[in-house]
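*Asks:* Using the numbering used here, the first residue of the sequence shown is number 1090, and each one after it goes up by one. Have a look at the structure that comes next, please.
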Amino acid sequence: MDCPTLSKVLLVEDDQKLARLIASFLSQHGFEVRQVHRGDAAFAAFLDFKPQVVVLDLMLPGQNGLQVCREIRRVANLPILILTAQEDDLDHILGLESGADDYVIKPIEPPVLLARLRALMRRHAPLPASPERLAFGKLNIDRRRREAELEGL
């Protein structure tokens, strides 16, 4: 299932070969991807690009991924997936406690990464608005006016 509208992904990864591979795969599946290869450039890119999801490495030149995650989380509530080679449980805990929604250890197959991104985006999608008027048999409820009517009464 491809994304119905072009979703924007900010990919913060210092391994440029891996970043190109991920960006190419996500682009083929309906995502617009902006790559950033330094932690100290990530927040400015985030503000400029306005992505719907962030994929973030932890070990970055300039600024580590945990700091970037905290900066983004302070101003936005969107899915953040940490993609890193750091296998230590403490790093895993720190990543999630810093505001990440998911923590994935490299290597990961691109289709699995895609599925995880889609799952995160589904969980962060806004709920559909409920109708202002509801009807249950002979009971009608007008939520906006805060009135209920039974059999025309």
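All C-beta atoms, glycine included, are put in the ideal place defined by N, C-alpha and C.
On the criterion of 16 or more Cβ atoms from any shown chain inside 10 Å, does leucine 1145 qualify as buried, or is it exposed?
*Replies:* Within the sequence shown, residue 1145 is the residue found at index 56, counting from 1. By the 10 Å Cβ count, leucine 1145 comes out buried.
*Asks:* Evaluate the contact criterion for the region 1133-1147 versus the region 1159-1171: three or more CB pairs, one atom per stretch, below 8 Å.
*Replies:* Contact holds: three or more Cβ-Cβ distances are below 8 Å.
*Asks:* Give every residue of the same chain whose Cβ lies closer than 8 Å to the Cβ of leucine 1095, excluding the five residues on either side of it in the sequence, and list them in chain order.
*Replies:* Taking the first residue of the sequence shown as position 1, residue 1095 is located at position 6. Around leucine 1095: Gly1119, Phe1120, Glu1121.
*Asks:* Please confirm whether alanine 1101 and leucine 1179 have their CB atoms less than 8 Å apart.
*Replies:* Along the sequence shown, read from residue 1 onward, the residue named residue 1101 stands at position 12. Along the sequence shown, read from residue 1 onward, the residue named residue 1179 stands at position 90. The amino acid at residue 1101 is misidentified as alanine; the sequence shows valine. No, Cβ-Cβ distance for valine 1101 and leucine 1179 is not below 8 Å.
*Asks:* Give me whichever residues DSSP pairs with glutamine 1124 in a beta bridge.
*Replies:* Taking the sequence shown and counting its residues from 1, the one referred to as residue 1124 is at position 35. Paired residues: Leu1100.
*Asks:* Aspartate 1191 by DSSP, collapsed to three states: which one?
*Replies:* Within the sequence shown, numbered from 1, the residue matching residue 1191 stands at position 102. In the structure shown, aspartate 1191 sits in a strand (DSSP, three-state: E or B).
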